[in-house]
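Reading through the structure tokens given below for one structure.
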Amino acid sequence: MSHTNELQLIENQGWDERILVCRNGRLVDTFIVVSGRFVVLVDTVINPQTAAQMLDYARPYLTNGRQLLVINTHADYDHCWGNQLFAGDSAVYPAPIIGSHLSPPKFQQEEAQAYLAKMQELEPEVFSEVRFTPPTMLIQDKFVIDGGDLTLELLPTPGHTDDHYSVFLPEIETLLAADAAELPYPMARTPDGLPQMRASLAKLAALPAETVLYCHAPVTAGRQLLLDNIAYFNAIEAQCRAALAQGINPQPSEDADVIALVNCPWETAVPDTEQWHNIHDYYKTAGHASQIRAVLHWLVQEA
Ligand SMILES: [Zn+2]
Numbered sequence: 003m004s005h006t007n008e009l010q011l012i013e014n015q016g017w018d019e020r021i022l023v024c025r026n027g028r029l030v031d032t033f034i035v036v037s038g039r040f041v042v043l044v045d046t047v048i049n050p051q052t053a054a055q056m057l058d059y060a061r062p063y064l065t066n067g068r069q070l071l072v073i074n075t076h077a078d079y080d081h082c083w084g085n086q087l088f089a090g091d092s093a094v095y096p097a098p099i100i101g102s103h104l105s106p107p108k109f110q111q112e113e114a115q116a117y118l119a120k121m122q123e124l125e126p127e128v129f130s131e132v133r134f135t136p137p138t139m140l141i142q143d144k145f146v147i148d149g150g151d152l153t154l155e156l157l158p159t160p161g162h163t164d165d166h167y168s169v170f171l172p173e174i175e176t177l178l179a180a181d182a183a184e185l186p187y188p189m190a191r192t193p194d195g196l197p198q199m200r201a202s203l204a205k206l207a208a209l210p211a212e213t214v215l216y217c218h219a220p221v222t223a224g225r226q227l228l229l230d231n232i233a234y235f236n237a238i239e240a241q242c243r244a245a246l247a248q249g250i251n252p253q254p255s256e257d258a259d260v261i262a263l264v265n266c267p268w269e270t271a272v273p274d275t276e277q278w279h280n281i282h283d284y285y286k287t288a289g290h291a292s293q294i295r296a297v298l299h300w301l302v303q304e305a
């Protein structure tokens, strides 16, 4: 997909006024939380240009002694490649970047370096200025920021990636789920991530959240999306268990049609509404098949 350097501020559609939603094209939403003590950027988008626009949206609130804080929900490119604005030689507004202790090593990985090089070659106008800048304040377990009027509870929600965090704000019953849930579904980066991801979904669904915002879903998705994601994986699991009980090959070959094999067409695993019909075909076919393979893999490991 091609990227854009634009970052739009999304009109408030009913959530607390202290949360600002920023949107980078069709790729990702990021958030600004304005509390009494801190202005908190939740993620830094894809590059210094988009992070600078986020900072511009935040600047009017950096008054009355409020300090800037940055959170990385995880180390995927669409969440942290604007970090260099806040730490290191190129920082224009130095601030702590809070992230999982598991994130910094990911910037060192050869695949990550190669991925950046590839992106810079494909879209130099977007990625040429990106310099890897890992988070500077590393957390493990739950971490709480007391913003005065608002509390930000950073909750480990591994699965999509092992370094993933979501942010819950109890005073306003608002959850920033990041990539722990998505429309149509979150994807675990590794096979072992699947059960963790489902546990994280359950953990988030149990929170008393009235407003739920995601990085990859419409702002209108609401907490129902958490439940729909849970139901989706439950539906796949039920079909896989039934098929395994009937004696299917638990390790189907690469070219096997696993959707037919476990009899779990897309439509049977998601709600029958417009929103779910209008999903890109990839997610109904190849993407859906890889989720089924992940569930089969997990069930076989379990056994
Ligand atoms: Zn993402």
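3 is the number of the first residue of the sequence shown in the numbering used here; add one for each residue after it.
All C-beta atoms in this analysis are idealised placements derived from N, C-alpha and C, irrespective of residue type, glycine included.
All values derive from a computational prediction rather than experimental measurement.
Would residue i pass as a contact of residue j if the rule is Cβ separation under 8 Å?
i	j	result
T159	K108	no
A291	A190	no
P186	Y59	no
V260	P254	yes
N85	T52	no
F33	Q69	no
V169	I73	yes
W17	T213	yes
P62	P106	no
L22	L9	no
In whole angstroms, what separates the C-alpha of residue i from that of residue j?
i	j	result
T75	P188	14 Å
L87	Y79	15 Å
L298	T6	37 Å
D181	I250	33 Å
A93	L157	27 Å
L171	D164	22 Å
E304	N265	21 Å
S130	A119	9 Å
I294	G67	51 Å
G149	R200	30 Å
I147	V42	10 Å
L14	A288	It is worth fixing the name first, because residue 14 is Asn in this sequence and not Leu. C-alpha separation (whole angstroms): 35 Å.
A116	H162	21 Å
A247	M56	52 Å
A244	T275	26 Å
Just curious, the beta strand (DSSP E) that residue i is in, first and last residue?
i	result
P107	That residue, P107, is in no beta strand (DSSP E); its alpha helix (DSSP H) goes 106-110.
I147	145-148
S168	167-171
V328	Beyond the ends of the chain as shown, which are 3 and 305, falls residue 328; an answer cannot be given.
Q69	69-73
L140	139-141
I100	99-102
For the alpha helix (DSSP H) holding residue i, just list the boundary residues, first then last.
i	result
V297	288-304
T270	268-271
Q226	226-247
I281	From DSSP, I281 is part of no alpha helix (DSSP H); its letter is neither H nor E.
P126	126-129
I261	260-263
(Q) Which residues neighbour ligand 3 when neighbourhood means a C-beta less than 6 Å away from any of its non-hydrogen atoms? List them by chain order. (A) Absence of ligand 3 is noted for the structure shown, with ligand 1 being the only ligands found.
Q.
If we require 3 or more residues per run, which beta strand (DSSP E) segments fall completely within the segment 8-54?
A. 10-12, 21-26, 30-36, 40-44
Q: Jot down the residue ranges of each uninterrupted beta strand (DSSP E) in the segment 153-209, minimum 3 residues, whole runs only, in chain order.
A: You should have 153-158, 167-171, 176-180.
(Q) Tell me whether the segment 116-132 and the segment 144-163 touch, counting them as touching only if at least three CB pairs, one residue from each stretch, are closer than 8 Å. (A) Contact fails: fewer than three Cβ-Cβ distances are below 8 Å.
Q | Contact between the segment 138-145 and the segment 26-37 (3+ Cβ pairs under 8 Å) | A | no
Q) On the three-pair Cβ rule with 8 Å, is the segment 228-238 touching the segment 264-278? A) yes
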